[in-house]
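Notes for the one structure printed next.
There are 4 protein chains.
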Amino acid sequence: MEDITIRFLDDFSKDEVDSPILIEGLPGIGHVGKLVAEHIIHELGAKKVAEIHSIYFPPQVIIEENSVIRLANNEIYFYRDDILQALFLVGDFQSTSNEGHYLLADQYLKIAEEFGVNRIYTLGGFGVGHLVEEPRVLAAVNRVDLKEQAEEAGATFDNGEPTGGIIGAAGLLLGLSAYHDIEGICLMGETSGYLVDPKSATSLLKVLSNLIGISIDATTLAERGVEMERMVQKLIEGEQAMRDEELRYIG
Amino acid sequence: MEDITIRFLDDFSKDEVDSPILIEGLPGIGHVGKLVAEHIIHELGAKKVAEIHSIYFPPQVIIEENSVIRLANNEIYFYRDDILQALFLVGDFQSTSNEGHYLLADQYLKIAEEFGVNRIYTLGGFGVGHLVEEPRVLAAVNRVDLKEQAEEAGATFDNGEPTGGIIGAAGLLLGLSAYHDIEGICLMGETSGYLVDPKSATSLLKVLSNLIGISIDATTLAERGVEMERMVQKLIEGEQAMRDEELRYIG
Amino acid sequence: MEDITIRFLDDFSKDEVDSPILIEGLPGIGHVGKLVAEHIIHELGAKKVAEIHSIYFPPQVIIEENSVIRLANNEIYFYRDDILQALFLVGDFQSTSNEGHYLLADQYLKIAEEFGVNRIYTLGGFGVGHLVEEPRVLAAVNRVDLKEQAEEAGATFDNGEPTGGIIGAAGLLLGLSAYHDIEGICLMGETSGYLVDPKSATSLLKVLSNLIGISIDATTLAERGVEMERMVQKLIEGEQAMRDEELRYIG
Amino acid sequence: MEDITIRFLDDFSKDEVDSPILIEGLPGIGHVGKLVAEHIIHELGAKKVAEIHSIYFPPQVIIEENSVIRLANNEIYFYRDDILQALFLVGDFQSTSNEGHYLLADQYLKIAEEFGVNRIYTLGGFGVGHLVEEPRVLAAVNRVDLKEQAEEAGATFDNGEPTGGIIGAAGLLLGLSAYHDIEGICLMGETSGYLVDPKSATSLLKVLSNLIGISIDATTLAERGVEMERMVQKLIEGEQAMRDEELRYIG
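Residue numbers (my numbering), protein chains in the order written: chain A, 54 to 304; chain B, 54 to 304; chain C, 54 to 304; chain D, 54 to 304.
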C-alpha cells in the first residue's frame, strides 16, 4: 500500500483534460469550502475521475445510505464545457498529521502539474467567533498581481488577515504552487466557526463565479442557508425560553 | 526489525489452506468482536498458525499466568472441517497510530490474498451509550448484493448507521478488501460501550453462525453474559443503596 | 543522521567482550532500574564503551555541572573480571514514541547479539500506589525454566502480576530476545510510583547480586534510601502540621 | 517533496562564503533568540540566501501584509564585511515533532559543514517565571575551553542551569555540532517566559556583540523593550484597578 494512492476511474481519459483550473474545497471551518465546491460539482454535473486514499486520513470507512461502506477518501471531479474547464478536489477529511498535510498537498500538485493546471482556487472559511449577518469573502494570493482580479470579483483583502495564516490544504496548495509557477487564490467566507455555514458559502460562490466566469445557480445553497438560520434562530429561542423558565423557578 | 512481522508457526503448512473465509475479531467497543472470534476459536479448537508483531502495537509485553512474558501481538488461527474453512484474526491490541491502522490492515489483506480468501467477516460493537435489553446486530457490507444474506441471517441494516462510520481494523479490512475483489460483511453487536459485553457477543454469534453455516455452542458465552448482567445489577443496586443512604442522611 | 546512532568509544576493543550478560536499567517507575544499574556500574568501575543517540529521544541536550552540554543519550558500559562479564545499558531517557521503543529495543538486541549475550536482565519498578515498608522484587521471565533461579535468588512470582504487562525497554528487550534465543529475566522492585526509590533499588540489587553471583556493596544505595525516607517522613509531618493548623483555625 | 527542502536563492553564490560563524535565532521562550538574530540581520543588512521548507513545520502559510502568502519556513541570511562573516538561521517555527527537531538540526549542520562553519552561536531565552529587572545572560558550551570567552563577554555560567537542559534547535545544534568538530556556545537571556522580551534580547545582544567583535546599535531593540515594559505596567495597573473595583463592590 502506498502512503497515498490515486486511482483514476477506468472511464476517464486523461486526454480530455487540457490546462484546467483546479478548485479545492475540502472540509474545514464552517465547511464553507466543501459546501461551495460540492455545490458547483452538483450544479454542473461534473463527473468523478479519481479517488485518493491515504494512511494520513483517519482509519475509517464511511457508511453510505444503502449500508455499503467505502474508505474515507478525497476525490477529484472534472468538468468541461466551452467556457470552463475545471478539476475539483473534494473529500471526507484532511490529513490527521502535520506531515501528512504536506505530503498530500504535494501529491495534489503533482496531479495539477500533470494536467497543466496554471491556476488554483482554494476555498475555506474564516472563523470570526460570532454570527455574521453579511459574510465578507476574504482573499489571499500567491502572487501580488492576482489581487486586482479578486477584488473586482468581490473579494476583500484585509491587511494580512487572517493573521494566524491559513492552515491545511487551502494554505499549502497555495504556498507550494508558487514553486511550480501556478497562480493561486484562496477565498475564505466569513463564518462563526461553530456551524456548517451555507450562507457564507453562498457569498463565496458569488465571488468565485465572477472569477471563473460562469454563473452557478445558488438557489439550493441559499435555501440551506435560510434553513440553517431558522434552525439557529430556534436554538436561540429555545435557550431564551429555558432561561425564562429558570427565572420563573427562581422568581 | 520489520515494521510489521508475520511469523508462521513451524508446524503449519500453508498447503492446508484453500480459499477460506477470514473472521476478524480484534479488541474494540465492548470487546464484542474479540469475544465472538475467540469463542469460536475455542469451541472449534482452531489452531494458531501465525503471530504478528508490529511497531504500531503498544511497546508492551503481556505477562501470562505462569509469569512468562510474550510480546503484545495479533494472531491468526486456522480451522478446517468438511463444512467450514476459516482463518481468524484476533489479538491483544489494534494500532496505536492512524497510519499503523492502514499499514496493518494492508498486511492482513496480503495474507488474505495469499490464501485465496474471498470473503471477510469483521466483527465489532456498536456503542449506543445505554444498556441494551435485546441487542440488535447491525451490519454493513462492501457490496450491495451482500445485504440480503446478512438480513436473512438476522442482521439489521439501519439507514447508514453507525453514522460515524466504522473505525479501525473492522472498517479498513472491509474498505480495502473492496479493491481486492474480496466480499466483506461487518457485523456490529449493539452494546452500551461501557463494559465488555458477552450478551451482545451472543447475539452476534447467532447471526455469524447463520452466515457461515455452522452451529456454535453459545452456552459459555451466554453464561458470561448472565454473570456480567448480575454484576451490572449489583453495581446498580449498590449505587441505589448509596443514594438511599444519602437520602437518609439528608432526610 | 541515522534514526539511531551507536558510537563505540575509540579506546574500546570489541575483542575484550565474550558472551557477557546484559543488564538494562533505563529510567522508569521510581527510577528503580536506573538506580540499580548505575550503582553497580559505579561500584564495579565499569567503563563506558558506547553512546547511543536517536531521533526517538527528546530533542534535548543535558547541561553537565561544568556547563558543558551533551546530547540526551543512552550509554553502554562494560565490566569484566574473573567472575562477571557484563554489559550495562543505561541512559537519560527512553523513547518518546511507541514506534521508537520497538526500534531502539531492536538495536539494543543487535548489539547484544554481536557480543554473544545469552542472558539479559531488565530492571524496573512496579508501582503499587502507596509507600511500601518491605519492597518485594517481582519477576517475569521469557522462558519458564528461568523461574526457579529467580525465586532462589529472592524474587517473587505473583500470578501474572503486573497485570498491565511491562511497558518500554524492560518489557520489549525480554519479549524480543525470546526470538533470538536469549534468556531474559525482568526484576521489578515494588515502589509507590511517586518518588525515586533507592530503598526498592536496594531490595532489587540484593536479588540481582544473587543471580549474577557477585556481591555489590549496597551501602550508598541504602543510605540514599534512608535519606529519602527521612525526607518523606518530613513531608508527611509537614502535611500533618498543616492539617492541625487548619483544624485550629476552624476549631 | 523532500522531507526538508533547502532552496538557495539564485543571486547567491556559495563562493562568497568562507568559514563564517553561524548564529541561530529561531522562535522559542520569550522569542529572545529570534529578536536578537533578526535585529542583527536588520542592522547589518544581511541578505537572505536560502529558504528551508519542511513537512516538520506546521502545515501552514503565513499571510504577508500585502495579502500575499508564503509557506511557513526557516531562512538563512548571510553577512560579510572585513570584521565579520556570518550565516544567520531564523524563521517562523521550529519542528512540530520530536523526530523533526533532530532531522532539521542535522540538515542545518550539513549546511554549516558545507560552508566551513567552525563556530555556532545558538540564542534563546531562559524562562524564570517572573519579570526580571536586570536579565542575566546564561551560557552553555559544547567544549569546556569556550567558557572563558563567554564569561569575558558578559555571560554567566550557573551550575548546570537550566537544569531541564536546552530543548529544540538551540540545544541540538550545540549537541550535534560537537560530533563535527564545531565549537558551540548557547546564550540564553533570562526572561519571564510569558511575553516576547526585547529587554532580555538587548542584554543578550550585548554579550553576543562582545563575542563576535562587532558593535550593533541596540536602540530599536531597547525602544521595543521600553514600550513592552510600559505595556506590561499598564496591564498590571489595569489588573490592580479591577481588583480595587471589586473591593469597592464588596466593601
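The C-beta atom is built at its ideal place from N, Cα and C for all residues, glycine as well.
Whose Cβ in chain B lies nearer than 7 angstroms to the Cβ of residue i?
i                      : result
residue 200 of chain C : 120
residue 193 of chain C : 116, 120, 122
residue 212 of chain C : 118
residue 149 of chain A : 151
Residue i CB to nearest chain D CB: under 8 angstroms?
i                      : result
residue 152 of chain A : yes
residue 155 of chain C : no
residue 54 of chain C  : yes
residue 108 of chain C : yes
residue 74 of chain A  : no
For residue i, which option in the options has the closest C-alpha, if you only look at C-alpha atoms?
i                      : options                    : result
residue 235 of chain A : A:134, A:182, A:169        : A:169
residue 250 of chain C : C:225, C:233, C:268, C:285 : C:285
residue 97 of chain C  : C:187, C:89, C:104         : C:89
residue 257 of chain C : C:237, C:191, C:266, C:197 : C:191
residue 266 of chain B : B:72, B:110, B:138         : B:138
residue 214 of chain A : A:242, A:231, A:205        : A:242
residue 189 of chain B : B:124, B:255, B:68         : B:255
residue 30 of chain C  : C:159, C:126, C:66, C:297  : Limits of chain C in this structure are 54 at one end and 304 at the other, which puts residue 30 of chain C out of reach.
residue 259 of chain D : D:203, D:59, D:279         : D:203
residue 146 of chain B : B:165, B:182, B:124, B:166 : B:124
residue 120 of chain A : B:210, B:296, B:278        : B:210
residue 193 of chain C : C:271, C:216, C:182, C:181 : C:216
residue 66 of chain A  : A:162, A:100, A:58, A:294  : A:100
residue 185 of chain D : D:246, D:109, D:295        : D:246
residue 264 of chain B : B:164, B:206, B:282        : B:206
residue 91 of chain C  : C:153, C:129, C:295        : C:129
residue 126 of chain B : B:60, B:68, B:294          : B:60
residue 163 of chain D : D:283, D:240, D:58         : D:58
Checking contacts by CB at 8 angstroms: is residue i closer than that to chain C?
i                      : result
residue 80 of chain D  : no
residue 159 of chain D : yes
Could you check how far apart the C-beta atoms of residue i and residue j are, in whole angstroms? I think they sit under 8 angstroms.
i                      : j                      : result
residue 248 of chain C : residue 83 of chain C  : 7 angstroms
residue 115 of chain C : residue 122 of chain C : 7 angstroms
residue 253 of chain B : residue 262 of chain B : No, residue 253 of chain B and residue 262 of chain B are not in contact; Cβ-Cβ is about 15 angstroms, not under 8 angstroms.
residue 225 of chain A : residue 174 of chain A : Actually they do not touch by this definition, with Cβ atoms about 14 angstroms apart.
residue 131 of chain D : residue 85 of chain D  : So it is not a contact: roughly 23 angstroms between Cβ atoms.
residue 157 of chain A : residue 107 of chain A : 6 angstroms
residue 244 of chain C : residue 178 of chain C : 4 angstroms
residue 150 of chain D : residue 109 of chain D : 6 angstroms
residue 144 of chain B : residue 79 of chain B  : 6 angstroms
residue 221 of chain D : residue 112 of chain C : 6 angstroms
Any beta-carbon of chain B closer than 8 angstroms to the one on residue i?
i                      : result
residue 215 of chain C : yes
Mind pulling the chain D residues with CB within less than 8 angstroms of residue i?
i                      : result
residue 224 of chain A : 112, 113, 114, 122
residue 196 of chain A : 121
Residues of chain A with CB under 7 angstroms from residue i, in chain order?
i                      : result
residue 228 of chain B : 114, 122, 123, 124
I want to verify the contact list: residues of chain D whose CB lies under 9 angstroms from the CB of residue i, in sequence order.
i                      : result
residue 221 of chain A : 112, 113
For residue i, decide whether its Cβ has a neighbour in chain E, counting only Cβ atoms nearer than 8 angstroms.
i                      : result
residue 218 of chain D : The structure shown contains no chain E; its protein chains are A, B, C and D.
Identify the contact partners of residue i in chain C, using a Cβ-Cβ distance below 8 angstroms as the criterion.
i                      : result
residue 273 of chain B : In chain order: nothing, as chain C lies at least about 22 angstroms away.
request  = Tell me the start and end of each unbroken beta strand (DSSP E) in the stretch 113 to 189 of chain B that is at least 3 residues and wholly inside, in chain order.
outcome  = Under the rule that a run must span 3 or more residues, the beta strand (DSSP E) segments found entirely inside the stretch 113 to 189 of chain B read 113 to 116, 122 to 124, 127 to 133, 138 to 144, 172 to 180.
request  = Identify every run of the beta strand (DSSP E) within the stretch 185 to 217 of chain A, keeping only runs that are complete inside it and at least 3 residues long; order them along the chain.
outcome  = Along the length of the stretch 185 to 217 of chain A, whole beta strand (DSSP E) runs at least 3 residues long occupy 190 to 194, reported in chain order.
ask   = Which parts of the stretch 214 to 283 of chain D are runs of the beta strand (DSSP E), unbroken and 3 residues or longer, counting only runs that do not cross its ends?
value = Counting whole runs of 3 or more residues, the stretch 214 to 283 of chain D contains the beta strand (DSSP E) stretches 236 to 244.
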